[in-house]
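Student:
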Amino acid sequence: MTGFADLPARIDALAAEHDQLAVVLLDAFGWAFVQRHGDHPLLRRLEITPASSQFPSTTTAHLTTLYSGLPVTEHGLYEWRCYEPLVGDVIRPLRFALGASNDPLPITPQELFPWPSRCAGATVLQPAPIADTPYGSAAFAGATVRGFDTFEEAVGLLGELPGVTYLYWDAIDATGHREGPSSEAFVQQSLRALDALAKVRTPMLVTADHGQLDVHTTDHLDLFWSELPRHLTRPPAGSARDLFLHVDDPELVITELSARLEHRAQVRRADELFDHIGPRLRERLADVCVLPAPGRMAALTGFPSAEQRFKGHHGGLTPEESQTWIGFQA
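By this note's numbering, the letter at position 261 of the sequence shown is numbered 264, and the numbering carries on one by one without gaps.
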């Protein structure tokens with residue numbers, strides 16, 4: 004099995020071989036859903052290779068890898084919420100906002116994303132609501148960015164534009180969060196994407212950043228151990244499937260939470276979950292990571308989040324979350 008971090012180099016190689024290349028990322032359409040829809044004409048036609056997501060299995064980590072060419076261990080933007088030293092607080096990188104509010108960051112997008120964009124010279128197709136964002140202004144520097152209203156509209160452009168055209172689609176992920184990946188709505192949103200892409204006949208690479216699994220229970224860690232908030236040095240980072248805690252005594256927190264949560268979650272040192280930690284990840288990474296069991300999420304009562312309403316989520320290490328794929332048609 005290859006890894007998602009190898010994808011930028013593969014795209015470069017394919018772009019050198021083809022005058023036209025479509026690159027499509029279906030957010031959250033992981034390997035489990037390729038197997039679910041394995042008889043679809045598009046998937047039967049593609050040359051498919053299973054791939055492993057990076058940890059955490061989250062959009063921020065993977066989009067930043069795709070746009071910078073760096074693995075998460077080097078670029079350091081590892082989750083929906085993560086500590087940013089330039090701000091001195093936990094932020095939401097893709098929203099370019101402080102973690103506890105919608106206030107914009109007091110830095111430039113180029114300071115958050117300081118690498119040359121690998122999208123330079125390409126055409127980038129983004130859903131209209133996120134086509135013009137501060138994060139995107141740095142991540143897509145040098146690219147032609149076009150917003151679209153419907154996925155079908157965007158797919159129709161893939162065979163018309165020269166060079167590399169990159170299409171990002173977030174509706175499968177959003178539907179999974181709202182309805183759950185076992186829902187009929189998730190199935191239909193997946194089929195909508197596959198049906199549209201089946202009409203493309205130019206060279207095309209299709210992939211996903213991660214998968215999703217159904218969730219139904221939230222464990223509030225401070226209700227299991229009331230002393231936990233006193234040990235926090237910053238607000239929580241990560242998300243409800245991989246809750247990262249900045250704390251003053253990691254070993255104590257791991258011991259106390261592990262004893263109380265029992266089968267509900269693993270509690271690990273965060274630095275043990277990566278095979279390598281570069282300087283940027285090290286200065287952003289929290290001390291402890293709580294990895295809930297399948298079907299569960301983790302939170303703290305003092306830090307409310309919309310994630311507690313989710314019926315599907317990702318970020319952890321289960322195969323449903325962390326196994327993805329790369330498909331190609333010449």
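We put the beta carbon where it would ideally sit given N, CA and C, even for glycine.
Owing to the predicted nature of the structure, the values given are computational and were not obtained by experimental measurement.
1) May I ask you to report which of helix, strand or coil DSSP gives Glu323?
2) CA-CA distance, Phe7 and Pro53?
3) Please classify Glu87 as buried or exposed, where buried requires at least 16 other C-beta atoms within 10 Å of its C-beta.
4) For the alpha helix (DSSP H) containing Asp225, list its first residue and its last residue.
5) Identify whether Pro206 lies in helix, strand or coil by the three-state DSSP scheme.
6) Between Ala289 and Gly79, what straight-line distance do the alpha-carbon atoms span, to the nearest angstrom?
7) Ala144 and Val127: beta carbons closer than 8 angstroms?
8) In chain order, what residues of the same chain lie with their CB nearer than 8 angstroms to the CB of Arg263, ignoring the 5 residues before and after it?
9) Keeping to the same chain, check which residues put their C-beta closer than 7 angstroms to that of Asp217; ignore five residues upstream and five downstream.
10) Tell me the DSSP bridge mates of Trp328?
11) I'd like the span of the alpha helix (DSSP H) that includes Val37, first residue to last.
12) Considering Thr63, what are the terminal residues of the beta strand (DSSP E) in which it resides?
13) Where do the N-terminal and C-terminal ends of the alpha helix (DSSP H) with Ile280 fall, by residue?
14) Ignore the nearest five residues each way along the sequence and tell me which others in Leu294's own chain have a CB closer than 7 angstroms to its CB.
15) What's the C-alpha gap between Asp346 and Leu224?
16) Contact defined as beta carbons within less than 8 angstroms: I believe Ser60 pairs with His317. What is the distance between those atoms, to the nearest angstrom?
17) What did DSSP end up calling Ser186 once you bin it into helix, strand or coil?
18) Distance check for Ala211 and Ile51, CA to CA, integer angstroms please.
19) Is Tyr138 helix, strand or coil by DSSP?
20) Going by DSSP in three states, Ala301 sits in which element: helix, strand or coil?
21) Hey, Ala141 and Pro112: beta-carbon distance below 8 angstroms or not?
22) In the DSSP assignment, what are the bridge partners of Thr168?
23) Could you check how far apart the C-beta atoms of Pro107 and Phe99 are, in whole angstroms? I think they sit under 8 angstroms.
24) Who are the near neighbours of Thr136 in its chain, counting only those whose CB is closer than 7 angstroms to its CB and skipping five residues on each side?
25) Tell me which residues share the same chain as Ser56 and place their Cβ nearer than 6 angstroms to its Cβ, disregarding the 5 neighbours each side in the sequence.
26) Looking at the secondary structure, which residues open and close the beta strand (DSSP E) in which Pro295 lies?
27) Alpha carbon to alpha carbon, how far is Pro232 from Ala157? Give it in angstroms, no decimals.
Tutor: So, to answer that:
1) helix
2) 10 angstroms
3) buried
4) Leu224 to Phe227
5) coil
6) 11 angstroms
7) no
8) Phe227 and Trp228
9) Gly183, Pro184, Ser185, Gly298, Lys314 and Gly315
10) Pro53
11) Trp34 to Arg39
12) No beta strand (DSSP E) contains Thr63, which is instead part of the alpha helix (DSSP H) from Thr62 to Ser71.
13) Per DSSP, Ile280 belongs to no alpha helix (DSSP H) and is neither H nor E.
14) Asp245, Ala268, Gln269, Arg271, Gly319 and Leu320
15) Nothing in the structure corresponds to residue 346, since the chain is present only between 4 and 333.
16) 5 angstroms
17) coil
18) 12 angstroms
19) helix
20) strand
21) yes
22) Ala25 and Thr126
23) 6 angstroms
24) Phe99
25) Phe7, His213, Ser325 and Thr327
26) Val291 to Pro295
27) 46 angstroms
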